[in-house]
Amino acid sequence: MRVGLIGYGKAGQAVANVLEQDPRYTLSWIARRTPAPIARDLPVTGLDAASFGDWLDAHPVDALVDFSDASALWQYGEAIRERGLMLVTAISSYPDEARRYLQELGRTLRILSSPNITLGINFLMQAARLLRRIAPFADVEIVEQHFRDKPEVSGTARKIAESLDIDDESITSLRLGGIVGHHEVIFGFPHQTVRLSHDSIRREAFGTGAAFALQQLAGLPPGCYSFEELLMRLIREELKDAA
3 MRVGLIGYGK AGQAVANVLE QDPRYTLSWI ARRTPAPIAR DLPVTGLDAA SFGDWLDAHP
63 VDALVDFSDA SALWQYGEAI RERGLMLVTA ISSYPDEARR YLQELGRTLR ILSSPNITLG
123 INFLMQAARL LRRIAPFADV EIVEQHFRDK PEVSGTARKI AESLDIDDES ITSLRLGGIV
183 GHHEVIFGFP HQTVRLSHDS IRREAFGTGA AFALQQLAGL PPGCYSFEEL LMRLIREELK
243 DAA
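Letter by letter, the sequence shown follows residues 3 to 245 in this note's numbering.
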């Protein structure tokens, strides 16, 4: 599968490392805000809605992986719709208008949108929802820790809070050097405590998740999917086989 990568920050570089090493994929090019040179033998382009369609025609791919920011969607959205490309986007937080646009694109395209596409964190979210359903009386707190320069509250932590029907005030954020990403959901029961935690040790974990999402999307009909939906599909298949 031919893949174009949008964004080349620290996460984008790690994703590129994984995609280049995965025999299922060919990383064809990289798009950035400005087409500055990179330490890879790959074509690089700037993001511009007026010219991006021409770039795709000259450098065709089957899918895009977006690790840039929320505004990039408006630069490539119509171009991928016209060409029927798959999209995996791992933007931490989209404004409501962009979310609606993604849903609209999902009428004809296969799209995966998730603020965190590491396999482990999404499995944690599934486990946390199950425990919340079993014990709705338990106290729940979320702790998220990230690198010092991350300015906003983790989009993943907000999504965990939303899925557990708890307020954002239950999220504690820490910013420390040397941390890539840590999320922990703490359930307080009478006489016991349960902690579900996930650590991103290297940013390449995002690339592993992107590779998984691309493989799963390829076998699905058009739609705007979450990472949890892809996992639940596999879990249901496993339970069906085990029955």
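Glycine residues also receive a C-beta, built at the ideal position from the N, C-alpha and C atoms.
Hey, Pro117 and Gly157 are a contact pair by Cβ (cut 8 Å); roughly how many whole angstroms apart? 3 Å
Measuring alpha carbon to alpha carbon, tell me which residue in Ser115, Arg83, Glu186 and Thr91 is nearest Leu107. Arg83
Name the DSSP bridge partner or partners of Gln147? Leu176 and His184
Flag this pair as touching only if the stretch 24-44 and the stretch 85-99 have three or more C-beta atom pairs under 8 Å; answer yes or no. no
Quick one: using the 10 Å Cβ neighbour count with 16 as the cut-off for buried, is Val177 buried or exposed? Checking the displayed sequence, the identity of residue 177 turns out to be Arg instead of Val. The residue is exposed, with fewer than 16 neighbouring Cβ atoms inside 10 Å.
Ignore the nearest five residues each way along the sequence and tell me which others in Leu121's own chain have a CB closer than 7 Å to its CB. Thr210, Gly211 and Phe214
I need the boundaries of the alpha helix (DSSP H) containing Val17, first residue and last residue. Lys12 to Gln23
Taking 8 Å as the limit between beta carbons, can you name the residues of its chain near Gln128, skipping five residues before and five after? The answer, listed in chain order, is Glu230, Leu233, Met234 and Ile237.
For His184, which option in Ile113, Ala72 and Lys152 has the closest C-alpha, if you only look at C-alpha atoms? Lys152
Give a yes or no on whether the C-beta atoms belonging to Ala159 and Glu146 are separated by under 8 Å. yes
Report the three-state DSSP secondary structure of Leu114 (helix, strand or coil). strand
Classify Trp57 as buried or exposed, calling it buried when 16 or more other Cβ atoms lie within 10 Å of its own Cβ. buried
Between the CA atoms of Val5 and Val20 - distance to the nearest angstrom: 12 Å
From this set, Ala207, Asp71, Leu49 and His61, which residue's C-alpha is nearest Ser95's C-alpha? Asp71
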